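Following: one structure in structure tokens, then a few remarks.
Protein chains: 4
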Amino acid sequence: MFGESHGCCVGVMVEGVPPGLKVSEDYINSELARRRPGKRFTTARRETDKVEVLSGVYMGYTTGAPITMIIRNIDVDSSFYEEVVRFMPRPGHADLPSRLRSMGFEDYRGGGPFSGRLTAGLVAAGAIAKKILEEYGISVFAYVKKLGSVNCHLEEPLPMSSRELKRLVDERDSSPFYCPDKNATERMTQEVAAKLREGGSIGGQVEVLAFNVPPGLGEPLGDSLDGDIAKALFSIPGVKAVEFGSGIKLAEMTGKEARDSIVVKEGRLRVEPGHGGGVLGGLSTGSTIRVTATLKPTSSIPIPQQTIDWRGIEPVELRSWGRHDPTIVIRATPAAEAAVAIILADHLLRWMPYRIAHYYRLEAGANESS
Amino acid sequence: MFGESHGCCVGVMVEGVPPGLKVSEDYINSELARRRPGKRFTTARRETDKVEVLSGVYMGYTTGAPITMIIRNIDVDSSFYEEVVRFMPRPGHADLPSRLRSMGFEDYRGGGPFSGRLTAGLVAAGAIAKKILEEYGISVFAYVKKLGSVNCHLEEPLPMSSRELKRLVDERDSSPFYCPDKNATERMTQEVAAKLREGGSIGGQVEVLAFNVPPGLGEPLGDSLDGDIAKALFSIPGVKAVEFGSGIKLAEMTGKEARDSIVVKEGRLRVEPGHGGGVLGGLSTGSTIRVTATLKPTSSIPIPQQTIDWRGIEPVELRSWGRHDPTIVIRATPAAEAAVAIILADHLLRWMPYRIAHYYRLEAGANESS
Amino acid sequence: MFGESHGCCVGVMVEGVPPGLKVSEDYINSELARRRPGKRFTTARRETDKVEVLSGVYMGYTTGAPITMIIRNIDVDSSFYEEVVRFMPRPGHADLPSRLRSMGFEDYRGGGPFSGRLTAGLVAAGAIAKKILEEYGISVFAYVKKLGSVNCHLEEPLPMSSRELKRLVDERDSSPFYCPDKNATERMTQEVAAKLREGGSIGGQVEVLAFNVPPGLGEPLGDSLDGDIAKALFSIPGVKAVEFGSGIKLAEMTGKEARDSIVVKEGRLRVEPGHGGGVLGGLSTGSTIRVTATLKPTSSIPIPQQTIDWRGIEPVELRSWGRHDPTIVIRATPAAEAAVAIILADHLLRWMPYRIAHYYRLEAGANESS
Amino acid sequence: MFGESHGCCVGVMVEGVPPGLKVSEDYINSELARRRPGKRFTTARRETDKVEVLSGVYMGYTTGAPITMIIRNIDVDSSFYEEVVRFMPRPGHADLPSRLRSMGFEDYRGGGPFSGRLTAGLVAAGAIAKKILEEYGISVFAYVKKLGSVNCHLEEPLPMSSRELKRLVDERDSSPFYCPDKNATERMTQEVAAKLREGGSIGGQVEVLAFNVPPGLGEPLGDSLDGDIAKALFSIPGVKAVEFGSGIKLAEMTGKEARDSIVVKEGRLRVEPGHGGGVLGGLSTGSTIRVTATLKPTSSIPIPQQTIDWRGIEPVELRSWGRHDPTIVIRATPAAEAAVAIILADHLLRWMPYRIAHYYRLEAGANESS
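Residue numbers (this note's numbering), protein chains in the order written: chain F, 15 to 384; chain W, 15 to 384; chain S, 15 to 384; chain A, 15 to 384.
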């Protein structure tokens, strides 16, 4: 990923994409539309978010060469940053460490490269990754599991067919909170508004589910599947925790309470009920992967905050703030979905084609010798 | 890292270590001793865990060449694995996905490369990393924050001097639970034993603190400091969640409740009270880094478990189990400390020397021109 | 690097650049101008080659975030490729393997991502690298050492001061062949034109010199300095050989003939006369680095060539050809200079700042204790 | 790779190896035997070179986990290094830059990590790589193409069947110079001995051929196949030049002379006569890959050499020398073969399984729908 919030654009360069995947700008734009602000409860900033595919796609198909995509920044107003943030780092944002890392040369406008705006690149890359997963029948689905104190409950059992999944996606997309649970959506509308008045912004959780992931993805002793997914999720601004399966609840559980079983279900091996979240020993188990990211409440709120002024390194009260989302949980949802899709596609390409080619070859050999 | 639980050894190859660090096998062995089983509440397996440094160290100092270290496996009894696990994958372990990943060629003895035994390599690498951190005055400290339902409370304020930290380390090491809180240690002794009788094993949490980390470590848009730390922690078998600062509590907080301030304290900029855990925008803030890993209860417990038999892919009840720790939280503590130390050392070497050299050069230039 | 010859642009993403380097688009354009066609003996294609810096630079200085740069493709005429190359792979070009790699989805227009056009990205990245080298007083200089049978002789001794180097650069740039030797330039004008009439195109050699490189750059057992430089040079289309120092002449030499000495010259250790080309054991020696890349004659020449037609996989004679340079040696010169600059900057940043910071600290410690 | 010439061992860690490859220590030892000194014209040092496979292989097959292998160093005599090299860097060796890189902490005994001894690890890794290539019918063959002024001529046409290749291998192995040309071997015996008397040591060339490589291996715009092969070859101590196909001869050729044709031969597309050496645009063409590495004469020769003494940085004459090969060309032959095998296996695994799996799937789909 590259780019800055108030620079000319944000973007991403994707390497290692197989040739022959059907990819159009329209398709990528439809993915980008899901993170576009301008909806209720998101920032006032207008963004059209149209992707430009600069390389790696020809006549509507990937070529196998690096794919670089950019999304232009428009409707940019840097005055707040040039007048205020330049001198007073906002607590809760990367302003302070960014200046020190950059030895004074940072681009502080809109958070520079540390802005949530950068997740547009993540979503664009995720759109490519989903095309790879599609070839193998894998689906990724993210939704807002929690907004403040309101929980969204997914109906069990989880969708088993693509038709059922389609219905779930529609339910999610019809909720302004990306929450496929009507009651919860209603409660969010009320309670969340109240919380925002009271506390300026609110945190929450995004859960990502990955269906039909083949078992055995992940590398032992290094690039574990859960480790890579966690790392990708932490690249989304505001994420402060990542849990798989039963997550932190496992701390208080006994082995008896937390145990899973291996069963055969519809011709497939499953690990159930799935306290491990579909990952064991850093490898996918073949069961649904469940991972939850916790997002902190937006740090920019209309309440005076204590900080320092770089001119003199003296204490000062920060009394103004830029445009911002009252919660970043909603917009983080498509980004989290993309992050998981990217890691799954990456791990899938490492060994699944080898296993498939090997299996076909064995079979071809068997046929030949018969 | 490389090796298998019941192979000849486990080990690690560390690249990018600067020359001139004082490193002895005794020093590394003292770090390894901290994860050695044979203590109370850990597995019955005897391990002497003596490191052999194969390369990269000459006359007691690192040379700047790759450092490879191995720890021989002794007291190995693979009979349970050869008679049972070979045919019946243990639910909750990597046996199932490992076989599918390896297309039937996995080393299933003792969990092969997926065993907690592999964290010996992590701890050895961490010992080297700590030497790098030491040069910059950085300390890393891990302890058992939670064992089952018992919480360990660190006294606030956190240690500010190396003398205070030394005292804290001593308190931790005097607890069989790596818990520097006498009351909690006592309660653990009682409650934990009860829980184990009841449920076979127990989960918990390890918290890692890193003191005196300079601000600005971490890369924007890729290798974030929190993402890399999370990935390293997930490489420890049994870790199912990673939280920074206030972690999942942030989901229910408002911006007002979760806000931090930037203050000057003892001549240094601090972000307080530190809901972000010392990381903002993927960069260290200069405040103490706080990260918590949740470990699930050990999956091998003396209770029949449902699984399948590879010979026929039919359901079967697993009624035996190998030697195991009743909880992996204690032994994971030095591994978690090592994981954080490795990532900090890696990020430190990326830019801190550049910043320091730059600063000295500016100063030298200033002196010259004066 | 990314992009295609007849796509919207070519470009490059550069990571790991320190903050605070002064970089303007004008500066990068001046570097790009050196590879611009439209000069004598280069392709008829018009390219203005203006860089757009998309990220990582703010207010004229690098920020430490990834720098992405693109150069738009204009004056593109793909008709030859769509009518001919699409069906008939040109021997000597990547058309054949590219189609098989891309499983039929390659961008064949103008050679797609395999075009020499892509070296514009290399030159842009090299411009950034040179700014890093400048901070350490390192200079890189490339020139045409051989064009067909005409050799260019550099006057010995090599330039020792930046003033002398400046003069050499001016001499090179005043030659249409990038050859800082007036006699050779004259002979090239005559003989080369004759050769071109006779054989359609001509090969040659570029030599790259790097002055004032500190000793000890390079990693043992992996990323050797010469290996990395060679890899970078082979990324320039048409390069078929890379030699250091006395190169292939060493095959026929004895140890006595090929021996170097270590001497002290102007207060610095030098390895002389330098048969090794400034690299020993994969590390820089502190002496001038000398590396030569051999470029094949352009493969597109107005002579019928034997190939196959994809429609039917049958033999066919290729009787037309696109626009091309009669020699690629001249345009490869700035690309080779950039390739060496990039590798040197990369290796420099790995350990030199550490060594400098260490030295300053030792000195500071010495002053303190005195 | 890791290890030092006079440390406890040299070794290598190989990641990304597929599971299920048959690998025994005997097999690896047979490969190592080919580089073992003690033969005529090689060093007096005795080495048994028995590999210990520390990880990643179980019951004679690879498991898919990292494979670490070590070869113990025995018959080590460091006295020359401790008494002489410690103070006087040998010109032509890495002693000087190694000390500066290591800030005085280098392991100077036997050249430390810069010794030719390290190629034992390369050969061991190459043995694994060959098993991967074998699955795809690819063979790699290296031989001494030139020793001093004596050239070895391979009979044309090159072997087309594995039986023909076997015969070639036998011829090579029966020559003490790894030269499958009886006349050349005889001339080498005479001339080389004379040259050695006269000049202490002698240089030469190794050519590596790779048969049956599928077209399209290599990555555009980064990891080119030729670039990666060149980098791997430069990791062999003493290599100073790498050429593909007609190599530096192309500098003086015209496009007419250097042109290749695409033809169909025995049902396969070939690029002939192959001036490009089987690589175009960084991709394999499907024709035989031909790459030549030039090795310099051994630098340690019994002739006084000018160097400096670290104690005082003053000029001194080096009048003694350690045990050494009079030529490194012979021992570099198996190392060069291994280097090319490793790179081919690496690139093969990137996309060939994907292409095969894709093809089978298309075919399966076609059958299904018919």
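All residues carry an ideal CB built from backbone N, CA and C; glycine is no exception.
These numbers were taken from a predicted model, which means no experiment stands behind them.
| query | Straight-line CA distance for W/V26 to A/P33? | reply | Here residue 26 of chain W refers to the residue found at position 12 of the second sequence. Here residue 33 of chain A refers to the residue found at position 19 of the fourth sequence. Each residue's Cα considered, the two are about 21 Å apart.
| query | In the DSSP assignment, what residue or residues form a beta bridge with A/V164? | reply | Against the fourth sequence, residue 164 of chain A aligns to sequence position 150. In the DSSP output, where bridge partners are listed per residue, A/V164 has A/L161.
| request: Would you list the one or two residues that DSSP bridges to S/I216? | output: The count along the third sequence starts at 1 and reaches residue 216 of chain S at position 202. A/T268.
| If we ignore side chains and look at the alpha-carbon of each, how far apart do S/I262 and W/E18 end up? | Numbered from 1 along the third sequence, position 248 holds the residue referred to as residue 262 of chain S. Numbered from 1 along the second sequence, position 4 holds the residue referred to as residue 18 of chain W. Cα to Cα, S/I262 sits roughly 46 Å from W/E18.
| said: Three Cβ pairs or more, each shorter than 8 Å: is that satisfied between the stretch 229–240 of chain S and the stretch 270–283 of chain A? | reply: no
| Below-7 Å beta-carbon distance, W/R375 vs any chain F residue | Indexing the second sequence from 1 puts residue 375 of chain W at position 361. So no, W/R375 is outside the interface.
| Where W/P127 meets chain A, residues with beta-carbon distance less than 7 Å | The residue you call residue 127 of chain W lines up with position 113 of the second sequence. By Cβ distance, chain A contributes A79.
| request: Report the rounded CA-to-CA distance for A/L283 versus A/G259, giving the unit in angstroms. | output: Taking the first residue of the fourth sequence as position 1, residue 283 of chain A is located at position 269. Taking the first residue of the fourth sequence as position 1, residue 259 of chain A is located at position 245. Using only the alpha carbons, I get a separation of about 18 Å.
| Residues that DSSP places opposite F/S298 in a beta bridge | Residue 298 of chain F sits at position 284 when you count from the first residue of the first sequence. According to DSSP, which records beta bridges pairwise, F/S298 is partnered with F/V293.
| Got a sec: is the Cβ-Cβ distance from S/L68 to anything in chain F below 7 Å? | Position 54 of the third sequence, counting from 1, holds the residue named residue 68 of chain S. Yes - at least one Cβ of chain F is within 7 Å of the one on S/L68.
| request: Would you please state the rounded distance, in angstroms, between the beta carbons of S/P329 and W/Y368? I believe it to be under 8 Å. | output: In the third sequence, counting from the first residue as 1, residue 329 of chain S sits at position 315. In the second sequence, counting from the first residue as 1, residue 368 of chain W sits at position 354. Contact doesn't hold; Cβ gap of about 58 Å is too wide.
| said: Just to make sure I have the definition right: I need the residues of chain F whose C-beta is within less than 7 Å of the C-beta of S/T82. Which are they? | reply: In the third sequence, counting from the first residue as 1, residue 82 of chain S sits at position 68. Under the 7 Å cutoff, chain F gives F16, G25.
| field | Residue-chain proximity (F/Q320, chain W), Cβ-Cβ < 7 Å | value | For the purposes of this step, residue 320 of chain F is taken as residue 306 along the first sequence, with counting starting at 1. Output row for F/Q320: interface = yes.
| What's the C-alpha gap between W/M174 and W/I303? | Along the second sequence, read from residue 1 onward, the residue named residue 174 of chain W stands at position 160. Along the second sequence, read from residue 1 onward, the residue named residue 303 of chain W stands at position 289. For W/M174 and W/I303, the distance between alpha carbons rounds to 13 Å.
| Under 8 Å Cβ-Cβ, which residues of chain S neighbour A/F94? | Mapped onto the fourth sequence, residue 94 of chain A falls at position 80. Residues of chain S passing the Cβ test: none, with the nearest at roughly 17 Å.
| field | A/S69 in three-state terms, based on DSSP | value | Counting from one through the fourth sequence, the residue named residue 69 of chain A turns up at place 55. Three-state result, A/S69: strand.
| In angstroms, rounded to a whole number, what distance separates the CA positions of W/G52 and A/L182? | In the second sequence, residue 52 of chain W corresponds to position 38, counting from 1. In the fourth sequence, residue 182 of chain A corresponds to position 168, counting from 1. Only weak support exists for where W/G52 lies, its pLDDT of 48 falling under 50; the coordinates are left without a value.
| field | F/G52 (DSSP reduced to helix, strand or coil) | value | To locate residue 52 of chain F, count along the first sequence from 1; it is residue 38. Only weak support is given to the placement of F/G52: the predicted model assigns it a pLDDT of 48, under 50, and the question is left unresolved by the model.
| field | For A/K310, the first and last residue of its enclosing beta strand (DSSP E) | value | Taking the first residue of the fourth sequence as position 1, residue 310 of chain A is located at position 296. Counting along the chain, A/K310 falls outside any beta strand (DSSP E), and DSSP gives it neither H nor E.
| Validate contact between the stretch 209–228 of chain S and the stretch 308–322 of chain S using beta carbons, cut 8 Å, 3 pairs | yes
| request: Can you pull the chain F residues whose beta carbon is under 9 Å from the beta carbon of W/Q219, in chain order? | output: Counted from its first residue, the second sequence places residue 219 of chain W at position 205. Per Cβ cutoff of 9 Å: I262, A265.
| request: With 7 Å as the threshold, decide whether the Cβ of F/P367 is near any Cβ in chain S. | output: Walking along the first sequence from the start, residue 367 of chain F turns up at place 353. No, no contact with chain S.
| request: Would you be able to state if there are at least three C-beta pairs under 8 Å between the stretch 84–99 of chain S and the stretch 353–361 of chain W? | output: no
| task | Find the residues of chain F that neighbour W/I385, judging by a C-beta separation of less than 8 Å, and give them in chain order. | result | Nothing can be reported for residue 385 of chain W: it is not among the residues displayed for chain W, which extend from 15 to 384.
| Of the listed residues S/H20, S/P287, S/F248, nearest to S/Y122 (C-alpha basis) | Looking up residue 122 of chain S in the third sequence gives position 108. Residue S/H20 is the option with its Cα nearest to S/Y122.
| N- and C-terminal bounds of the alpha helix (DSSP H) containing A/I85 | Working through the fourth sequence from its first residue, we reach residue 85 of chain A at position 71. First-last for A/I85: 81–86, but that is the beta strand (DSSP E), not the alpha helix (DSSP H).
| message | For S/A134, which residues in the same chain have their Cβ closer than 7 Å to its Cβ, ignoring the five residues on either side in sequence? | response | Against the third sequence, residue 134 of chain S aligns to sequence position 120. Excluding positions up to five away in sequence, the list reads V24, L46, R49, D63, I85.
| request: Check the C-beta distance from F/I315 over to W/G300 and give it rounded, since I have them as a contact under 8 Å. | output: For the purposes of this step, residue 315 of chain F is taken as the residue at position 301 of the first sequence. For the purposes of this step, residue 300 of chain W is taken as the residue at position 286 of the second sequence. That belief does not hold up - the Cβ atoms of F/I315 and W/G300 are roughly 23 Å apart, past 8 Å.
| Could you check where the beta strand (DSSP E) with W/T321 kicks off and where it finishes? | The sequence position of residue 321 of chain W within the second sequence is 307, counting from 1. Element bounds for W/T321: 319–323.
| request: Pull up the CB-CB distance for W/F16 and F/L235, whole angstroms please, since I reckon it's below 8 Å. | output: Working through the second sequence from its first residue, we reach residue 16 of chain W at position 2. Working through the first sequence from its first residue, we reach residue 235 of chain F at position 221. That pair is a contact at about 6 Å.
| task | Could you name the residues of the same chain whose beta carbon sits closer than 6 Å to that of F/G162, not counting the 5 residues immediately before and after it, in chain order? | result | Here residue 162 of chain F is taken as the residue at index 148 of the first sequence, counted from 1. Answer for F/G162: V206, K209, I216, listed in chain order.
| Smallest Cα separation from A/E257: which of A/T199, A/I146, A/G241? | Here the question's residue 257 of chain A lines up with position 243 in the fourth sequence. Nearest option by C-alpha distance: A/G241.
| request: List the residues that DSSP assigns as beta-bridge partners of F/G25. | output: Taking the first residue of the first sequence as position 1, residue 25 of chain F is located at position 11. Per DSSP, F/F16, F/I84.
| field | Supposed close pair F/S116, S/G214 - CB separation, criterion 8 Å | value | Numbered from its first residue, the first sequence carries residue 116 of chain F at position 102. Numbered from its first residue, the third sequence carries residue 214 of chain S at position 200. About 52 Å; that fails the 8 Å criterion.
| Is the beta carbon of S/L264 less than 7 Å from the beta carbon of S/A272? | What you label residue 264 of chain S is simply residue 250 of the third sequence in a count that begins at 1. What you label residue 272 of chain S is simply residue 258 of the third sequence in a count that begins at 1. Cβ distance < 7 Å, so S/L264 and S/A272 count as in contact.
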